[in-house]
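Trainee:
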Amino acid sequence: MIEPSPLPWLSATIIGITPVTAQVKSFRLAVAFDRIALAGQHVDVRLTAPDGYQAQRSYSIASAPGNDGTIELMVEGSAQGEVSSFFDGVAEVGDTIELRGPIGGAFVWRAQDGGPLLLIGGGSGVVPLLAMLRHRAEAAPAVPALLLYSVRHGAEAIARDELSRRARDEPGFDLVLSLTREGGRRIDATLVGEALTRLGQPRHAYLCGANPFVSAAADLLVEAGLPPGAIRTERFGG
Ligand SMILES: Cc1cc2nc3c(=O)[nH]c(=O)nc-3n(C[C@H](O)[C@H](O)[C@H](O)COP(=O)(O)OP(=O)(O)OC[C@H]3O[C@@H](n4cnc5c(N)ncnc54)[C@H](O)[C@@H]3O)c2cc1C
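Okay, here's the thing in structure tokens:
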């Protein structure tokens, strides 16, 4: 059997940096992929130090599929993190970094996949779900969708204004924001039940965030009666 050749490392130029929250920055990168990135896919980023030491991490693509030769990443900075500290404190417009992608076949939503679409994100786990919502708005606005987004504080919510605007202006899109340190509930059976009542039985559920968050949310969906085959997960680690 012939193994598929690995995706090549490409040079990507940072063409824009925008703060998203106090911890998260958006990076617009110009990169010449040989295919259009699908909503939900990610890239690998590889940094090389002057002494040759390399660090590699994955980052989800926040932008909707498009062919303008750019993608958007949203990186949560951490002073101690090897790669996120580069994005947070070192990266500048004009820098080039190595990327390969787009990567990921299971955690992908295409317009033709239809819905209803249940999206559950924790923290920066909302990034690939944002790509799906942006794609839905452009390509399949009639697909019912609900995002259940859990963060500790409202100020930490990524793209909060965009999500609120979409919930207000886009028929069929519903947003449930759970601010766990501001009197909101953690995602539990009751919250999941309410989301399912508002959305209807989802055809697809996409869950993304830190490992414990994703495991807990997947268990809740199975307990609520969703077929495991309808549930797709992306785990950021942690
Ligand atoms: C498919 C996929 C998609 C992803 N998409 C995104 C995304 O869109 N956005 C995003 O922000 N992340 C995303 N991640 C997570 C990302 O890949 C990295 O794991 C994350 O940025 C942390 O990497 P790092 O190199 O900065 O931290 P690491 O160096 O790997 O450290 C991990 C953690 O340990 C802590 N740490 C390290 N050293 C110390 C120390 N000495 N003392 C105390 N604490 C320490 C760091 O603060 C950090 O929180 C994704 C992960 C996957 C698998």
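So the sequence shown is numbered by the working numbering: it starts at 357 and just counts up by one. Quick reminder that beta carbons are idealized off the backbone N, C-alpha and C, glycines included. All figures in this text were calculated on a predicted structure; none of them were measured in a lab.
What did DSSP end up calling residue 560 once you bin it into helix, strand or coil?
Mentor: Position 204 of the sequence shown holds residue 560. Strand at residue 560.
Trainee: Could you tell me whether any non-hydrogen atom of ligand 1 is closer than 7 Å to the CB of residue 529?
Mentor: For the purposes of this step, residue 529 is taken as the residue at position 173 of the sequence shown. No; taking the cut-off as 7 Å, the Cβ of residue 529 has no heavy atom of ligand 1 nearer than that.
Trainee: Closest to residue 453 by CA distance: which of 435, 385, 418 is it?
Mentor: What you label residue 453 is simply residue 97 of the sequence shown in a count that begins at 1. The option with the nearest alpha carbon to residue 453 is 385.
Trainee: Determine, using beta carbons only, whether residue 554 and residue 463 come nearer to each other than 8 Å.
Mentor: Numbered from 1 along the sequence shown, position 198 holds the residue referred to as residue 554. Numbered from 1 along the sequence shown, position 107 holds the residue referred to as residue 463. Contact flag unset, no.
Trainee: By DSSP's criteria, residue 430 is part of a beta bridge. Which residues make up the other side?
Mentor: For the purposes of this step, residue 430 is taken as the residue at position 74 of the sequence shown. Paired residue(s): 382.
Trainee: Could you check whether the segment 460-476 touches the segment 433-440, counting it as contact only if at least three pairs of C-beta atoms, one from each stretch, sit closer than 8 Å?
Mentor: As far as the Cβ criterion goes, the segment 460-476 does not touch the segment 433-440, which means the pair count is below three.
Trainee: Secondary structure at residue 400, three-state DSSP: helix, strand or coil?
Mentor: Position 44 of the sequence shown, counted from the first residue, corresponds to residue 400. DSSP places residue 400 in strand when its eight states are reduced to three.
Trainee: Bridge partners for residue 409 per DSSP, in chain order?
Mentor: In the sequence shown, residue 409 corresponds to position 53, counting from 1. DSSP output for residue 409 lists no bridge partner at all.
Trainee: Would the beta-carbon of residue 508 fall within 8 Å of that of residue 501?
Mentor: By one-based count along the sequence shown, residue 508 stands at place 152. By one-based count along the sequence shown, residue 501 stands at place 145. It is not a contact, given that the beta carbons lie outside the stated cut-off.
Trainee: Give a yes or no on whether the C-beta atoms belonging to residue 611 and residue 366 are separated by under 8 Å.
Mentor: Residue coverage of the chain in this structure runs from 357 to 594, which leaves residue 611 outside it and unanswerable.
Trainee: Going straight from the alpha carbon of residue 583 to that of residue 371, what length do you get?
Mentor: Reading the sequence shown from its first residue, position 227 is the one you call residue 583. Reading the sequence shown from its first residue, position 15 is the one you call residue 371. Approximately 42 Å between the Cα atoms of the pair.
Trainee: Within a Cβ cutoff of 6 Å, which residues of the same chain sit near residue 411, ignoring the five residues on either side of it in sequence?
Mentor: Counting from 1 along the sequence shown, the entry for residue 411 is found at position 55. Here the set comprises 403, 438, 439.
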